[in-house]
Amino acid sequence: MLAPALLYIVLLVAVPFLLAVFLSLTNSSAGSLEFSFVGLQNFKNVMASPVFQRALRNTFTFTLISQVTVIFLGNVLARALLKRFRGKSLARFLILMPWAAPISLATLGWLWIFDSTFSVINWLLKVAGWLGPGQWYYWLGDPTLGMVAIITVHVWRMLPFSTVILLAGLTSIPNEVHEAADLDGAGPLGKTIWITIPMMLPILTVALLFGVVFTFTDMSVVYLLTRGGPYNSTHVLASLAFQDGVLGGDVGRGASVAIFLLPVLVILAVTMLRVSRRAEVA
1 MLAPALLYIV LLVAVPFLLA VFLSLTNSSA GSLEFSFVGL QNFKNVMASP VFQRALRNTF
61 TFTLISQVTV IFLGNVLARA LLKRFRGKSL ARFLILMPWA APISLATLGW LWIFDSTFSV
121 INWLLKVAGW LGPGQWYYWL GDPTLGMVAI ITVHVWRMLP FSTVILLAGL TSIPNEVHEA
181 ADLDGAGPLG KTIWITIPMM LPILTVALLF GVVFTFTDMS VVYLLTRGGP YNSTHVLASL
241 AFQDGVLGGD VGRGASVAIF LLPVLVILAV TMLRVSRRAE VA
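Be aware that the sequence shown starts at 1, since it is given in the numbering used here, and climbs by one per residue.
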């Protein structure tokens, strides 16, 4: 019974990982079968690169801000969907749309929204009087605004996933618990702190763990919006590994950049799982 699962793990996880480790220790390049072992030289070169250092900071900033925002907004939407109102089924469908839509197709709309000439955001800001004559935001041409745009699209994309998980957690809390808290005189804040958060902690951990893994390893939003520009200022580790290893042809360097994702993800996963287990025991 375990054979199919073990075969899946070996072929789709272990083999690619071991191959990446092997390539990171060589000077392999695309289009050439010749290579030599260089030890840790690729890692030394990568760590000394300002582009890698910027991508590393961007990765943590991107992950932290987007996941905090996703969990907060997902909780708000999940609580709203618990209530009865007209059009609830339509609301659920619309909330799930960003998750179901192909990211390449959806990004075309976001490219128009953030376009340097026809940006609908800039036009709305100008109509509202928040942009004066000659003022114009170049969303994808500025390092800071580029990261804001990337985080915005990623939050929009991940929000349905978080909402569904948190909604499942909220519906699993028995109504009797809330009724008992009402009899004890607990207010909304007290019920949130002493009931909702403790009982939702395992679910929150799962949502956060999957969100962090998806965010750390995702390069699609960065690549489709900015290609890591301007001047490599919006790269994250995943997109930088793709640029160096695939587009740039330096397979060894690209593999060494990708390897940096592993220890961070392992540490985060172990920490979150321990928190979840302690919450379940408590």
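Using N, Cα and C, we set each Cβ at its ideal position, and we do this for glycine too.
DSSP, reduced to helix, strand and coil, places residue 260 outside both helices and strands of the structure shown, so it counts as coil. By the Cβ criterion, the segment 130-148 is in contact with the segment 214-229, since at least three pairs of Cβ atoms, one from each stretch, lie closer than 8 Å. In the DSSP assignment, residue 22 falls within the alpha helix (DSSP H) that extends over 15-24. The C-alpha of residue 42 is placed about 22 Å away from the C-alpha of residue 60.
Here residue 208 is buried. Its C-beta has 16 or more other C-beta atoms within 10 Å. Take residue 255, set aside five residues on each side of it, and the residues of its chain with a beta-carbon closer than 7 Å to its own are 20, 23, 24 and 245, in chain order. In the three-state scheme derived from DSSP, where H, G and I count as helix and E and B as strand, residue 85 is classed as coil.
Here residue 37 carries a strand assignment [DSSP, helix/strand/coil]. A check of alpha carbon separations from residue 199 across 240, 166 and 125 identifies 166 as the nearest. Residue 18 sits away from residue 237, with the two beta carbons spaced by 8 Å or more.
With respect to the C-alpha of residue 211, the residue from 162, 186 and 241 having the closest C-alpha is 162.
The three-state secondary structure of residue 130, taken from DSSP, is coil. Under the three-pair Cβ rule at 8 Å, the segment 91-100 does not count as touching the segment 122-131.
Contact between residue 155 and residue 69 holds: CB atoms are separated by about 5 Å, below the 8 Å threshold.
Nearest to residue 181 by C-alpha distance, out of 267, 58 and 193, is 193. Taking the C-beta atoms as reference points, residue 13 is found no nearer than 8 Å to residue 257. Counting of Cβ neighbours within 10 angstroms places residue 112 among the exposed residues, the total staying below 16.
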